[in-house]
Every structure is written in structure tokens, then in C-alpha cells.
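Visitor: The structure is given below, and queries will be raised subsequently.
In the numbering used here, the protein residues as written are 12 to 241.
Right, here's the structure in full:
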């Protein structure tokens with residue numbers, strides 16, 4: 012299984028994709044710090060305490076990397092069906108289900124890892140900047156750090172599962188645009204913020220959508236033998 016994962020990474024030259032993800036994280040972090048300074052001129056700020064700041068950062072990160080995951084799905088799965096190159100792959104003496112599972116493992120593990128690492132990087136930069144300017148006066152306690160890390164980990168797991176949902180829409184018509192657009196709509200609906208409230212803040216909703224994503228992944232693997240490649 013892990014041999015297949017390694018082959019997929021080499022085949023699609025995902026090193027460049029990871030570099031792009033790192034660049035996106037740098038841009039995202041710079042944008043958050045810019046908002047941090049601009050917000051200080053407003054009567055009401057979204058960074059009134061560390062909990063709100065970390066929640067805002069996490070929302071930005073999830074949106075970014077669920078969309079990245081949809082691009083990865085489009086490249087590794089939908090694109091191969093669209094160009095018929097997947098038919099060549101299926102001539103290999105390897106179980107098709109294992110091959111599809113390897114592709115989805117790459118997508119899921121990328122999303123999970125990227126969300127955690129991006130949160131840690133952006134959050135650390137935010138804390139460092141605030142240590143100089145003190146726009147958030149409260150101390151950063153060990154309890155708050157632990158609670159935030161727990162939320163980040165759970166959110167990353169949910170994002171990894173949610174990232175599989177666009178595969179359903181992409182596979183219906185073997186459409187790359189449908190895959191990416193559906194991810195934008197999905198994460199936009201879940202993360203849209205209204206006075207501090209979002210659907211993602213109701214824990215049952217991202218969990219339910221995550222379960223749907225796992226179901227999509229399961230049936231994509233189970234039905235791969237029957238999938239029409241013509």
C-alpha cells in the first residue's frame with residue numbers, strides 16, 4: 012500500500028504541489044498579519060482574544076487546503092479518467108481498489124498534515140507579532156494552547172474527510188471544474204461567518220459532512236472495478 016502511495020507521489024510530482032501549498036501558507040499568514048494591524052483601527056475587532064484569533068486562522072487554513080485537496084483530486088483521479096490515462100494504469104498487475112485507496116490516502120494525509128502545519132506556522136507567527144505589539148493583552152496560557160491544538164487536530168481530521176466530498180461531483184461527469192467548484196461552494200457554506208457564527212462551529216455539522224466524505228471515499232474504492240473509463 013505505502014509502495015503505491017510512493018509511486019503516486021512520484022508519478023504526479025507532488026513535490027511542486029507541496030511547494031505551492033507552502034507558498035499559499037506564507038501568503039495566508041501575511042494576510043492574517045495584515046488584518047491584525049488593520050483591525051486595530053476599527054471599534055470592533057475579530058482578534059479580541061487568542062481564542063478568536065486561532066479560530067479565524069483555522070477557518071482560513073481549512074478553506075485554503077480543502078480547495079487544494081480538490082485540485083489534487085482533480086489531478087490524480089478525475090484528470091486520469093478524463094484523459095483516459097487511467098485505462099493504462101489499470102493494465103498493471105495491481106488491485107484497482109488498492110490503487111484508488113492509495114490516491115485517496117495521499118489526498119487525505121496531505122489535507123490533514125497541511126491543515127495542522129499551516130495552523131502551527133500561522134499561529135506561531137501571530138503570537139510572535141502580538142508579543143511585540145500587545146494588541147491582544149491576555150497571556151497565552153498552557154491550557155489555551157492545549158485546547159487550541161486539540162481543536163486544530165480535530166478540525167484537520169474533519170477537513171481531510173470533507174475533502175473527499177468533491178470527488179462525488181467530479182466523478183459524475185468526470186469533470187475537473189465540477190470537482191473544484193463543488194469544494195469552493197462546500198467550504199464556503201460551512202465557513203461563512205455571520206457575527207462570529209459559522210456552520211463549522213456546530214461540531215455536528217462538520218462531523219456529518221466528514222462522514223459523508225468517508226462514505227464517498229469508501230464507495231469510490233469499492234466501485235472502482237465497475238467505473239466506466241470510456
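For glycine and all other residues, C-beta sits at the position ideal for the given N, C-alpha and C. Note that the coordinates shown come from a computational prediction; the quantities given were computed from them, not determined experimentally.
1. What residue from 58, 33, 126 has the CA that sits closest to residue 149's CA?
2. Between which two residues does the alpha helix (DSSP H) carrying residue 175 extend?
3. From the DSSP output, in three-state form, read off residue 233 for me.
4. Tell me which residue opens and which closes the alpha helix (DSSP H) that residue 120 is part of.
5. Please go through the same chain and pick out, in chain order, the residues whose beta-carbon is closer than 6 Å to the beta-carbon of residue 67, but skip the five residues on each side of it.
6. Which same chain residues end up closer than 7 Å to residue 163 when comparing Cβ atoms and leaving out the 5 residues on each side of it in sequence?
7. Between which two residues does the alpha helix (DSSP H) holding residue 50 run?
8. Hey, would you say residue 39 sits closer than 7 Å to residue 76, going by beta carbons?
9. With residue 93 as the anchor, note down where its alpha helix (DSSP H) starts and where it stops.
10. Taking the C-alpha atoms as reference points, what is the distance between residue 230 and residue 172?
11. For the candidate residues 111, 140, 96, 170, whose alpha-carbon lies nearest to that of residue 201?
12. Suppose you measure from the CA of residue 174 to the CA of residue 62; what does that come to, to the nearest Å?
13. What residue from 183, 184, 118 has the CA that sits closest to residue 167's CA?
14. Within 10 angstroms of its Cβ, does residue 47 collect 16 or more other Cβ (buried), or is it exposed?
Guide: Judging by the given coordinates:
1. Taking the first residue of the chain shown as 1, we reach residue 149 at position 138. If we check each option's Cα against that of residue 149, 58 comes out closest.
2. As a position in the chain shown, residue 175 is number 164, starting the count at 1. Per DSSP, residue 175 belongs to no alpha helix (DSSP H) and is neither H nor E.
3. Position 222 of the chain shown, counted from the first residue, corresponds to residue 233. Helix.
4. Position 109 of the chain shown, counted from the first residue, corresponds to residue 120. Counting along the chain, the alpha helix (DSSP H) containing residue 120 begins and ends at 107–144.
5. The residue given as residue 67 occupies position 56 in the chain shown. So the qualifying residues of the chain are 57.
6. By 1-based counting over the chain shown, the position of residue 163 is 152. These residues qualify, in order along the chain: 69, 127, 130.
7. Along the chain shown, one-based indexing puts residue 50 at 39. Residues 25–50.
8. As a first step, residue 39 must be located in the chain shown, where it is residue number 28. As a first step, residue 76 must be located in the chain shown, where it is residue number 65. Result no, Cβ atoms of residue 39 and residue 76 do not sit closer than 7 Å.
9. For the purposes of this step, residue 93 is taken as residue 82 along the chain shown, with counting starting at 1. Per DSSP, residue 93 belongs to the alpha helix (DSSP H) from 90–93.
10. Residue mapping note: residue 230 aligns to position 219 of the chain shown, counting from 1. Residue mapping note: residue 172 aligns to position 161 of the chain shown, counting from 1. Their Cα atoms are separated by approximately 14 Å.
11. One-based indexing of the chain shown puts residue 201 at position 190. Nearest option by C-alpha distance: 170.
12. Working through the chain shown from its first residue, we reach residue 174 at position 163. Working through the chain shown from its first residue, we reach residue 62 at position 51. Taking the straight line joining both Cα atoms gives about 25 Å.
13. Start at 1 with the first residue of the chain shown, and residue 167 comes out as number 156. The candidate whose alpha carbon is nearest that of residue 167 is 118.
14. Residue numbering aside, residue 47 sits at position 36 when the chain shown is read from its first letter. Residue 47 should be labelled buried.
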